[in-house]
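Inspection log for the structure reproduced underneath, given as structure tokens.
Numbering (my numbering), first residue to last: 4 to 426.
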């Protein structure tokens, strides 16, 4: 073991003691600082108010257009939507404005004239133009607005089928039905329509306006009267005319075709007098007596007068509907055998002549199909003339019409004889 000198040992001991003392002093200082720190109260933080400044608003996640209100104020109800104002239409100039009276005037002055044109042999003449026709009203030429052909103008036709006892007793009732069905299939185009009305004690619509096949099928299904029933011919034609006026457009061709003998004993215009005459005759027979000649003659004249007025009413109804009337009498030549049948046929001829149609009386039952074909050919070559009348006549006045074809003087023309001025 090395022995240091005393001086060196004293020096090292001093260094050691000094280091220990310094360590003790440092520890005591640290303890003192810790004690002071724990004893000193923690200062209260001072809240410095923000100076007022323009704050950027925080976006509110709410429905668009709903205003943000203070918390202590209940939100107002949603605002009532304000309807968008409609723009005020610009008033039209006075000269361009049409009042109701103007419209009625134009409509009432429009006249429709169906025309059938045939040559000397009775064949239909086709291909005529507007410049080929001359139409006069009360002797004054009228300017045609349009001339339509059968190919261009649709057809609306009503078939009147007599099922009363006056014709159903004939053994060819079924033949009439089949011939009428063939006629419709022959004459009608897809755009054309036909209806069926039965003639008995009152008119009945058996088939509304429909295409050819539907109407032909309806005709074939019509049963004859199960028992003897009276005939209201005048009422049925008037019903058909009104039906066409209400259901067929004004720019269509309108036709009424009646398969009947035309005998009427039950229409409103003649029913009362017909029944009275029948009852008087029956009473006289029961008493084995005869009516006085003068009394019977007066009753007959009165009844004839009623029939004449009834025919005038039918004629006016058909003309008012701008329709053409055709008839086929199944009675054939036997219509000439008695006064009643002749009166009935004459009445149908009167209406046909006035409206531009024809009243046919087949010489034989076999001629029925030929007559239907003739009517079909005529309708397929029919023209529809339209013009605005320049006549200032009062409403209800009958105005006569005449149609000619100056470039074709050899033709035969059938057209309505006139019309009653509309109000």
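We put the beta carbon where it would ideally sit given N, CA and C, even for glycine.
Residues that DSSP places opposite residue i in a beta bridge
i, result
"residue 140", "143 and 404"
"residue 330", "261 and 362"
"residue 201", "164 and 207"
"residue 417", "119"
"residue 196", "159"
"residue 256", "158"
"residue 127", "121"
Backbone CA spacing between residue i and residue j [nearest angstrom]
i, j, result
"residue 424", "residue 394", "9 Å"
"residue 310", "residue 182", "30 Å"
"residue 406", "residue 418", "7 Å"
"residue 116", "residue 416", "12 Å"
"residue 240", "residue 317", "7 Å"
"residue 381", "residue 362", "14 Å"
"residue 227", "residue 390", "43 Å"
"residue 408", "residue 352", "24 Å"
"residue 129", "residue 383", "9 Å"
"residue 185", "residue 368", "16 Å"
"residue 410", "residue 357", "25 Å"
"residue 213", "residue 160", "10 Å"
"residue 189", "residue 396", "41 Å"
"residue 270", "residue 167", "13 Å"
"residue 332", "residue 250", "27 Å"
"residue 223", "residue 200", "13 Å"
"residue 242", "residue 297", "36 Å"
"residue 372", "residue 180", "11 Å"
"residue 235", "residue 273", "9 Å"
"residue 120", "residue 140", "19 Å"
"residue 343", "residue 244", "24 Å"
"residue 95", "residue 253", "Legend: pLDDT at residue 95 = 43, less than 50; position of this residue unreliable, value from coordinates given subsequently. Looking at the two C-alpha atoms, the distance is approximately 30 Å."
"residue 337", "residue 177", "20 Å"
"residue 388", "residue 208", "29 Å"
"residue 322", "residue 230", "34 Å"
"residue 137", "residue 319", "24 Å"
"residue 135", "residue 300", "52 Å"
Collapsed DSSP secondary structure at residue i in the structure displayed
i, result
"residue 354", "helix"
"residue 167", "coil"
"residue 190", "helix"
"residue 206", "coil"
"residue 236", "helix"
"residue 159", "strand"
"residue 335", "helix"
"residue 151", "strand"
"residue 367", "coil"
"residue 185", "helix"
"residue 347", "helix"
"residue 306", "helix"
"residue 212", "strand"
"residue 251", "coil"
"residue 229", "coil"
"residue 178", "helix"
"residue 135", "helix"
"residue 411", "coil"
"residue 499", "Here the chain comprises residues numbered 4 to 426, so residue 499 is not present and cannot be evaluated."
"residue 325", "coil"
Buried/exposed call for residue i, threshold 16 Cβ in 10 Å
i, result
"residue 196", "buried"
"residue 469", "The shown model of the chain, from 4 to 426, leaves out residue 469, and the question about it has no answer."
"residue 48", "Caution is warranted here: a pLDDT of 40 is assigned to residue 48, below 50, making its placement in the model unreliable, and the coordinate value is therefore given only provisionally. With fewer than 16 other Cβ atoms within 10 Å, it is exposed."
"residue 206", "buried"
"residue 266", "buried"
"residue 126", "exposed"
"residue 326", "buried"
"residue 63", "Its pLDDT being 42, under 50, residue 63 is placed unreliably in this model, and the value from its coordinates should be taken loosely. Exposed, because fewer than 16 other Cβ atoms sit within 10 Å of the Cβ of residue 63."
"residue 257", "buried"
"residue 401", "exposed"
"residue 238", "buried"
"residue 340", "exposed"
"residue 150", "buried"
"residue 330", "buried"
"residue 233", "buried"
"residue 421", "buried"
"residue 142", "exposed"
"residue 122", "exposed"
Continuous beta strand (DSSP E) stretch holding residue i: start and end
i, result
"residue 371", "Run containing residue 371: none in the beta strand (DSSP E); it sits in the alpha helix (DSSP H), 371–383."
"residue 340", "No beta strand (DSSP E) holds residue 340; DSSP gives it neither H nor E."
"residue 2", "Lying outside 4 to 426, the shown extent of the chain, residue 2 is not represented and no answer is given."
"residue 421", "421–423"
"residue 391", "386–391"
"residue 272", "Segment: none, residue 272 is in no beta strand (DSSP E) and carries neither H nor E."
Residue i - containing alpha helix (DSSP H), residue span
i, result
"residue 223", "215–223"
Residue i beta carbon near the ligand COA (any heavy atom closer than 7 Å)
i, result
"residue 384", "Among the components of this structure there are no ligands whatsoever, and the ligand COA is therefore not found."
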